[in-house]
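Working notes, beginning with the structure itself.
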Amino acid sequence: MSGQGLIRLHHVPWGRSFRVLFLLCEMGITPDEIIRYSIGDRAMREPGLTGVSPAGRIPALEIDGITIFESSAILQYLCESRPEYGFGRPPGHAERVRFLELMSFAETMASLIEQLNMNHLFLRPPAKASPTVVKLNTLRLKGTLAALEGMIGCDYLLPSGFSAADAMAGFNLFAAPYYVRTDGFPKLTAYWERLQARPGFQAAAAIEGPQTFYAQEFYEVPQDV
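Counting from 11, one number per residue, gives the positions in the sequence shown under my numbering.
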């Protein structure tokens, strides 16, 4: 448990924990400490992280004298504990159900990105994923992007304006174009540009620096051999 005033973020740059950094920056909150990890590092299996995130996964946030893990839970806590920013949609709000749907839908999309990260970046022969598996995961990710394209009818995902659901989606729209070409999704492209223009996103991106996780601009589906 953190000290009452300390804010500490356990973080992989340009990973799911970017969602937390994005929303904190939207609230004008800068973490007192950011502990950075790299995927696959031994440090992610050691008590420094597993003590705050039992499965050794990021993000975890120490704030308000408590520790929270899982990005969706963290963002919802930030919205509920700091309602003055208006980034949540509380019970009884007309957009409450859609807000909850979008928060979970972002994780559906992120799980497919995670699978493609594994397929393209981590598996090596003889354990390398088959082209069929990679193609299936790519098509499923494209399907979620098409669904999100169909949900956009205004500047942000909810008619009343920016919310934590947009912070959840922002990480996905950073990562998905490495695997799916998005030029066929004009609403998503414009929405992604709006997110990147927000002061909170720009502040978070400045903290992150250039991404170093992806070595290529685009990863093609491998051909059957």
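No residue lacks a Cβ here, since even glycine has one placed at the ideal position from N, Cα and C.
Treat the numbers as computed from the prediction; the structure is a model and nothing was measured.
Note to self: Do V231 and K145 count as a contact pair if the criterion is CB distance below 8 Å?
What the structure shows: Within the sequence shown, residue 145 is the residue found at index 135, counting from 1. Within the sequence shown, residue 231 is the residue found at index 221, counting from 1. Contact flag set, yes.
Notebook entry, point to check: To the nearest angstrom, how far is it from the Cα of Y47 to the Cα of R99?
Noted result: Walking along the sequence shown from the start, residue 47 turns up at place 37. Walking along the sequence shown from the start, residue 99 turns up at place 89. For Y47 and R99, the distance between alpha carbons rounds to 32 Å.
Next item on the list: Look at the alpha carbon of H21 and the alpha carbon of S114, and state the distance between them as a whole number of angstroms.
Entry: Taking the first residue of the sequence shown as 1, we reach residue 21 at position 11. Taking the first residue of the sequence shown as 1, we reach residue 114 at position 104. C-alpha separation (whole angstroms): 20 Å.
Checklist line | C-alpha gap between R208 and W202, whole angstroms | finding: Here residue 208 is taken as the residue at index 198 of the sequence shown, counted from 1. Here residue 202 is taken as the residue at index 192 of the sequence shown, counted from 1. Distance between the alpha carbons of R208 and W202 is about 10 Å.
Next item on the list: Flag this pair as yes or no: are the beta carbons of W24 and F195 separated by less than 8 Å?
Entry: Translated into the one-based positions of the sequence shown, residue 24 becomes position 14. Translated into the one-based positions of the sequence shown, residue 195 becomes position 185. Not closer than 8 Å, so no.
Notebook entry, point to check: So, helix, strand or coil for E80, using DSSP?
Noted result: In the sequence shown, residue 80 corresponds to position 70, counting from 1. If DSSP states are grouped into helix, strand and coil, E80 belongs with coil.
Checklist line | C-beta atoms of F172 and F228 nearer than 8 Å | finding: One-based indexing of the sequence shown puts residue 172 at position 162. One-based indexing of the sequence shown puts residue 228 at position 218. No, these two residues do not count as a Cβ contact at 8 Å.
Next item on the list: Report the residue from Y95, S82, G38 whose alpha carbon sits nearest the alpha carbon of Q213.
Entry: Here the question's residue 213 lines up with position 203 in the sequence shown. Reading off the sequence, residue 213 comes out as Ala, not Gln. For the residues Y95, S82, G38, the minimum Cα distance to A213 belongs to G38.
Item checked: Length of the line joining the Cα atoms of D193 and R67 -> Position 183 of the sequence shown, counting from 1, holds the residue named residue 193. Position 57 of the sequence shown, counting from 1, holds the residue named residue 67. Distance between the alpha carbons of D193 and R67: 32 Å.
Checklist line | Alpha-carbon to alpha-carbon, Y95 and A137 | finding: Residue mapping note: residue 137 aligns to position 127 of the sequence shown, counting from 1. Residue mapping note: residue 95 aligns to position 85 of the sequence shown, counting from 1. Answer to the nearest angstrom: the Cα atoms are 47 Å apart.
Notebook entry, point to check: Within 10 angstroms of its Cβ, does A32 collect 16 or more other Cβ (buried), or is it exposed?
Noted result: As a first step, residue 32 is located in the sequence shown; it is residue number 22 there, counting from the start. According to the sequence as given, residue 32 is Phe; it is not Ala. With 16 or more Cβ atoms within 10 Å of its Cβ, F32 is classed as buried.
Next item on the list: Classify E105 as helix, strand or coil using the three-state DSSP reduction.
Entry: Indexing the sequence shown from 1 puts residue 105 at position 95. Of the three classes helix, strand and coil, the one that applies to E105 here is coil, per DSSP.
Next item on the list: With a 10 Å radius around its C-beta and 16 neighbouring C-beta atoms as the bar for buried, classify G13 as buried or exposed.
Entry: Taking the sequence shown and counting its residues from 1, one reaches residue 13 at position 3. Since pLDDT at G13 reaches only 41, below the 50 mark, its modelled position is unreliable, and the value read off the structure follows with that caveat. Counting Cβ neighbours within 10 Å, G13 comes out exposed, since fewer than 16 surround it.
Next item on the list: Identify every residue that forms a DSSP beta bridge with I73.
Entry: By one-based count along the sequence shown, residue 73 stands at place 63. Bridge partners of I73: I76.
Check: Looking at the unbroken alpha helix (DSSP H) that takes in I217, where does it start and where does it end?
Finding: Here the question's residue 217 lines up with position 207 in the sequence shown. 209 to 218 is the span of the alpha helix (DSSP H), which, as asked, contains I217.
Notebook entry, point to check: So, helix, strand or coil for E43, using DSSP?
Noted result: The residue labelled residue 43 in the question sits at position 33 within the sequence shown. Residue state, collapsed to three classes: strand.
Note to self: So, for R106: in the same chain, excluding its five sequence neighbours on each side, which residues have a beta-carbon less than 8 Å away from its beta-carbon?
What the structure shows: Position 96 of the sequence shown, counting from 1, holds the residue named residue 106. Excluding residues within five positions, the ones whose Cβ falls inside 8 Å are R99, P100.
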